[in-house]
Each structure stands twice: as C-alpha cells, then as structure tokens.
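Okay, so here's the structure we're looking at.
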Amino acid sequence: LSTEELHFERMISSIYVFGFVFCLVCYLFRWKSRPKNFPPGPLGIPMLGVAPFAGSKLENYLASFYKKYGGVMSFRLGPKDWVVLNDLEAITQAFTKQGESFSGRPKSVVFDQLTQGCGIVFANGDRWQHQRRFVLTALKRLGMGKRTMDAIINEETNRFIASVQLAGGTVSILIRRLQANNTCNFLSGKHFDYKDKRLQAIIDHRPALSAVIFYLHMIKCGSLQNVMFLCTAINSNAKYQANKKSSIFACVVTMINNHKQSLDENNLCDFIDIFLSDMKKQKGDFFTKLQLCHLIRDLFVGGIDTTTAALGWGIVCLLNFPECQDKIHQEIDQIIGKLNYAVPNMSHQEKMPYLRAFIQEVHRFQTIAGLNIPHCVTEDCILYGYRIPKGTPVMSNIWFVHNDPAHWQEPQKFRPERHLDGDGKFIPSNRVIPFSVGHRSCLGVQLAKAELFLFYAGVLKHHEFQVDPNFGLPDWSRDDGGTLKTPKDFTVCIKER
C-alpha cells in the first residue's frame, strides 16, 4: 500500500474508533440520566440493568431497598426504567386515590400479538373501561354471592372429594380441574367430566393463554424478547386463525356457537349468554366474537390459576400445621354440624372466624403474585413529590406488604391467630391484598372468596387431609415458572373423620 492509502486507512480507522467511543459515551450518559425528579433507585449495569443481581425473586430484591428509598422507588431492567411501590400506603395512593392515572397496562409487542388488542387483562383505554363495566354487571346478574353460586361450588367440591378418594392422584391437577369446572359453570353453564379432553385442553393451555406467565422473564431481558417476537410475528388475521386451530380456542368457539343456537333472550343463564345478548344490541369493536374469545381466555386464566394456587397452598399449610385443621374441624362441628346434612354456604362465613383467619393467613404467608401484573402511567403525574412521566411501567410489591416486619410480627411464621382479636373475632386486614386494590383489582374477588371458603368448609365437614405415606409431607418448594408462585405438585389423602 502507498503512503497515501495507509494514511487514508488510518484516518478511516480513527473515525470508526472515534464514532464508537462517541456512541458509547452518549449511551452511558443517557444510561445515567433519568427524568427530572424521578423516583430514586438502582440502575444496575448498562444493557441489563439490575437483572444480574435480582435473581429469581425480584420482589425480595426490590424490598431490600425499602429502608433506603422508602415506598416509592425506581429500578432499571434492560433499557427501561420502572417504578415500584414498596408499601401499602404508596400502592393505595397510586392505584386507588390516583387510580385514573395508574390504571394502564404497559405496551408490548408480545401482548399485542397474544391478545390482538382484545380481552380485558391487558386492554387499555375505552375497551378496558367498557369491558370492566360489562364483566361487573354480568357478575351481579349471575348472582355472585347468592345461594345458586354456593350450590355450584359445593357440587364441584363433592366431585373433587370423590375423585381423590376413588383414584387418588396429584392434588394440584385435581384442584385445577375443580377450578376449571367452577369457571366453566360461570362462563358457559357447563360442567365437564374430569376425564373430558376439552377440560384438559383448557387446563393444558393455561400458560399459552396469558402473557402473565412469562412476563417477568420478558422484562428481565428488557426489549430483547419484544424484538425477537416481532421478527416472528404474523399479521393479526393469521394469528387469529392459528389461535382458532388450537384446542382451547376451538373449545371456546364451539361453546360460543352452541350458545348462539340455543340463546333465549328471556332466560340468560351464563356469561356467554349475556355477552351474546348485548352483542345483538350494541355495535362496535367491544362486542365481537373475537373480543368474546379473548375475554373468556382472560377469565379462564384469572379464574383457574390464582385460586388453584391459593387452595394448593392452603392444603400444604393444613398438612404442615395439623393443629390448624383440628381447630377448623371444631369450628365446623359447632357452627354447621358434623352429623347432619347441612351444606356449607356463605351465610356461615360470619360465624366462622378461625377459618376466615386461616384463609387470610394463607394469602399473606404464601403471596401468589408477589409483584402482580404491572400497571402503566396513563398521563404525567406526581406521586409523593416524584414526577412520573406518561408511559412509565409500575409494579406493586405485594409480597413486601405481606411480609413487612414493621407491620407483621415474625412474618416468616404461619400463624392464623394474628388475624383474631382477644375475643376470637376475625380481623379483616387491609394489609392482606392478594386481589390487589383499585381500578385494576381482581373483578372476581367475591367468587374467589366463596370458592375458597366453601371448599375448605365442604371438604373438612366430613373429611380430613392426611399426608400420603408414599410421598411424605409436601414442603414449601415453589414452582417459579412464571409470575404466579404455586406449590410444586404433591399428593394427599382425604379420609373420613
């Protein structure tokens, strides 16, 4: 090479090096910068944020900063700044008192492809508000908290008992079937046999039905997974056709078509009936077959996963603390009676403080959704003096609310008595919030509470849970495959008492 060519190559190399250094400096400067008066918190390292330090329990990691930053802090995952609400006061202020500003869901290519803009869990704006009102109205029309719902839950509980006694099996699988049937009854008025392939399809496809299951894994990778998903994404019509072919969507579409054929406007029996009736009267994107399919999907996930986990943890607690089961038996014998044919119903709940305390302690002791589903700020707002820009994703650390030593004495211990006063009366706690608070709280909270109470009262009236001698006592190991913290599969024996 000539001298001029060498000089030219060195100049080009210098430009490349200078450009790289300039871009790196700009990136690091941007990395260090945050919006003015933004909540404080750890940045982590470039590109990854705090992901390398958080481990598998992000809620525990974030709680460790509470003494330093207080109830409102921020952290960075990937390239994104997040706000976390680390105590009940901050959660209540944001989600209840400033609920309109904190009621959004974060935008994501993944969510858009999975939901196609439909459903309710990840919906935003007018669609979410409209569908939320519709679901609440439908719940009231279907008699949540009334005797008809009590009878459905009790009937399904008896099927669960019979299944365990007849064939045994992994209790978590049987509970999922019980919960899937409870939800199916509410949505379609239909009960499936436990061996029905359609019921199994609903259970098997739960992880594919909701982005909640892998949400934390996505945010730990920042936007990387969004980009990867976008590269393989297909248009919404093709996505819908693919979903229709899946067994769960095929099952849902069949349910809808059957309801269309038998719809009686004077006798609307279930959720699908009510939706189809309104679909005839209202035009627009909020009442379509596609919206109904995704809405049913969201309600299946919400109705099965969380309550299944709560029931599973409750049984684990009963086996590990048999004295709790003895006290519940005594209370049932006194209030409902053991030697009669009285069936538990929700009117018994007020008279059974220990069982209520037990259920509340299960919620506190084993927080199923430690960080819940993230919210998103819908407009620039001020929270506790901090400025939070529109579009900022927000997490609520429910796990720390349930384990804050400033409010719970020895929170690592399971003690239902902490929820009883000196006279043995139940103390409802606003610091136990498994269903969250505010506009985005669980819509089916009353149904979930009824399912939990009637399950324990129904099973324990004539039976007791015993450790399966072939498998031993279940431990506190968690299945941390996603956002929900569920007990690992275990077996149990149910014996008459």
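Residue numbers for the sequence shown follow the numbering used here, so the first one is 265 and each next one is one higher.
Heads up, the beta-carbon is just placed ideally off N, CA and C, and yes, glycines get one too.
Query	Result
Nonlocal neighbours in the same chain, by C-beta distance under 7 Å from D732, ignoring five residues either side	T755, V756, C757
8 Å CB neighbourhood of Q673 in its chain, flanking five on each side removed	R682
Close Cβ partners of I623 (< 6 Å) along its chain, the five nearest in sequence each way excluded	L716
Whole-number beta carbon distance between I384 and D562, since they are thought to touch under 8 Å	5 Å
Close Cβ partners of Y504 (< 6 Å) along its chain, the five nearest in sequence each way excluded	Only weak support exists for where Y504 lies, its pLDDT of 46 falling under 50; the coordinates are left without a value.
Selection from A633, T656, Q710 that minimises the alpha carbon distance to F339	T656
For S436, three-class secondary structure by DSSP	helix
Same chain, Cβ closer than 8 Å to L494, five either side skipped, listed in chain order	Bear in mind that the predicted position of L494 carries a pLDDT of just 40, short of 50, making it too unreliable to give a figure here.
Residue range of the unbroken beta strand (DSSP E) whose run includes V658	657–660
Sequence-distant residues of the same chain with beta carbon closer than 6 Å to A354, five excluded per side	G335, V336
For T379 and G386, the rounded distance between their alpha carbons	Checking the sequence shown, residue 386 turns out to be Phe, not Gly. Taking the straight line joining both Cα atoms gives about 8 Å.
DSSP-derived helix/strand/coil call for D351	coil
Reduced DSSP category for G520 - H, G, I as helix; E, B as strand; rest coil	Per the sequence presented here, residue 520 reads as Ile, with Gly not at that position. If DSSP states are grouped into helix, strand and coil, I520 belongs with the helices.
Cβ separation of L647 and Q357, assumed to be a contact under 8 Å, to the nearest whole Å	7 Å
Coarse secondary structure for L724, derived from DSSP in three states	helix
Which listed residue (S278, L312, P306, Q362) has its alpha carbon closest to that of G702	Q362
For V428, the three-state DSSP class (helix, strand or coil)	helix
Where R695 falls, given that 16 or more other Cβ within 10 Å makes a residue buried	exposed
CA-to-CA distance, N522 to S705, given in whole angstroms	32 Å
N-terminal and C-terminal residue of the beta strand (DSSP E) that F366 is part of	Taken as a continuous stretch (DSSP letters only), F366 belongs to no beta strand (DSSP E), as it is neither H nor E.
Short Cβ contact (8 Å threshold) for T570 with I632	yes
Limits of the alpha helix (DSSP H) - the one that V626 falls within	617–629
CB contact below 8 Å: D376 versus chain D	Chain labels in this structure do not include chain D; a single protein chain is all it has.
Simplified DSSP assignment, three categories, for G319	coil
Residue range of the unbroken beta strand (DSSP E) whose run includes P337	As written in the sequence, residue 337 is Met, which differs from the Pro given in the question. Element bounds for M337: 336–341.
Buried or exposed by the 16-neighbour rule on C-beta atoms within 10 Å, applied to A415	exposed
R742, DSSP secondary structure in three states	strand
Euclidean distance between Cα positions of C382 and L554	7 Å
Helix, strand or coil at S672 [DSSP, three-state]	A quick correction: the sequence has Trp, not Ser, at residue 672. Coil at W672, not helix or strand.
Distance CB(R742)-CB(P751) smaller than 8 Å	yes
Inter-stretch contact (C-beta, 8 Å, three-pair minimum) for the region 657–666 and the region 633–643	yes
Neighbour-count burial assignment, D390, 16 or more Cβ in a 10 Å radius	exposed
At least three beta-carbon pairs within less than 8 Å, the region 719–732 to the region 612–629	yes
Residue nearest to I662 in terms of C-alpha spacing, selected from R651, D685, Q676, G634	G634
Whole-angstrom distance between V665 and F699, CA atom to CA atom	13 Å
Collapsed DSSP secondary structure at Y650 in the structure displayed	strand
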